[in-house]
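Q: Be aware that the sequence shown starts at 1, since it is given in UniProt numbering, and climbs by one per residue.
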Amino acid sequence: MTSIKTTGDLAHLMFCALVALHLARQDGQMMNSDSENRFLVDWLATAQRQQRFAKHMDTDIRWLQAVGRHQGGLVSTLTSLWVLSTGSLVLTHSAPEGSLL
């Protein structure tokens, strides 16, 4: 098994984070964009601690945590990276607020 990071690895990380956020929204855990950002930073920390992704993804996970902590807007960062890594334009269409699609 190779440890080379692929675009698919990045897309998988972004997808999992966005799905986790969507499920948390459905559970009523999110009140505003700050709570969404905090949720994602915590989710990334847990994913890294529990080694949910390959070791070679640690740098990306730490970078995303730093973006969330220092700049905010992690939802849009993850969404943009997911679109770029999959070549999908699905999320660029007008979608209902709080929707993944």
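In this text, a Cβ means the ideal position worked out from N, Cα and C, and glycines have one as well.
Please report the straight-line C-alpha distance between TRP82 and LEU40, rounded to a whole angstrom.
A: Here residue 82 refers to the residue found at position 82 when the sequence shown is read from its first residue. Here residue 40 refers to the residue found at position 40 when the sequence shown is read from its first residue. Rounded to whole angstroms, TRP82 to LEU40 spans 15 Å at the Cα level.
Q: Let's see if you can read the secondary structure: which residues bound the alpha helix (DSSP H) around HIS56?
A: The residue labelled residue 56 in the question sits at position 56 within the sequence shown. Premise fails: HIS56 is in no alpha helix (DSSP H) and is neither H nor E.
Q: How big is the Cα-Cα spacing for TRP43 and GLY87?
A: The count along the sequence shown starts at 1 and reaches residue 43 at position 43. The count along the sequence shown starts at 1 and reaches residue 87 at position 87. Rounded to whole angstroms, TRP43 to GLY87 spans 25 Å at the Cα level.
Q: Run the CB neighbour count on ALA28, radius 10 Å, all protein chains shown included, and call it buried at 16 or more, exposed below.
A: Taking the first residue of the sequence shown as 1, we reach residue 28 at position 28. One point to set straight first is that residue 28 is Gly, not Ala, in the sequence displayed. Looking at its Cβ environment, which holds fewer than 16 other Cβ atoms inside 10 Å, GLY28 is exposed.
Q: How many Å lie between ALA11 and LEU18 at the Cα?
A: As a first step, residue 11 must be located in the sequence shown, where it is residue number 11. As a first step, residue 18 must be located in the sequence shown, where it is residue number 18. Cα to Cα, ALA11 sits roughly 11 Å from LEU18.
Q: Shortest alpha-carbon distance to ARG69 belongs to which of ALA45, GLN50, GLN51 and LEU84?
A: Translated into positions along the sequence shown, residue 69 becomes position 69. It is ALA45 whose Cα lies nearest to the Cα of ARG69.
Q: Does SER94 come out as helix, strand or coil in the three-state DSSP assignment?
A: Position 94 of the sequence shown, counted from the first residue, corresponds to residue 94. With a pLDDT of only 43 at SER94, under the threshold of 50, the placement of this residue in the model should not be trusted, and no figure is reported.
Q: For residue 135, count neighbouring C-beta atoms within 10 Å of its own C-beta (all shown protein chains included) and say buried if the count is 16 or more, exposed if not.
A: Because the chain here runs from 1 to 101, residue 135 falls outside it and cannot be looked at.
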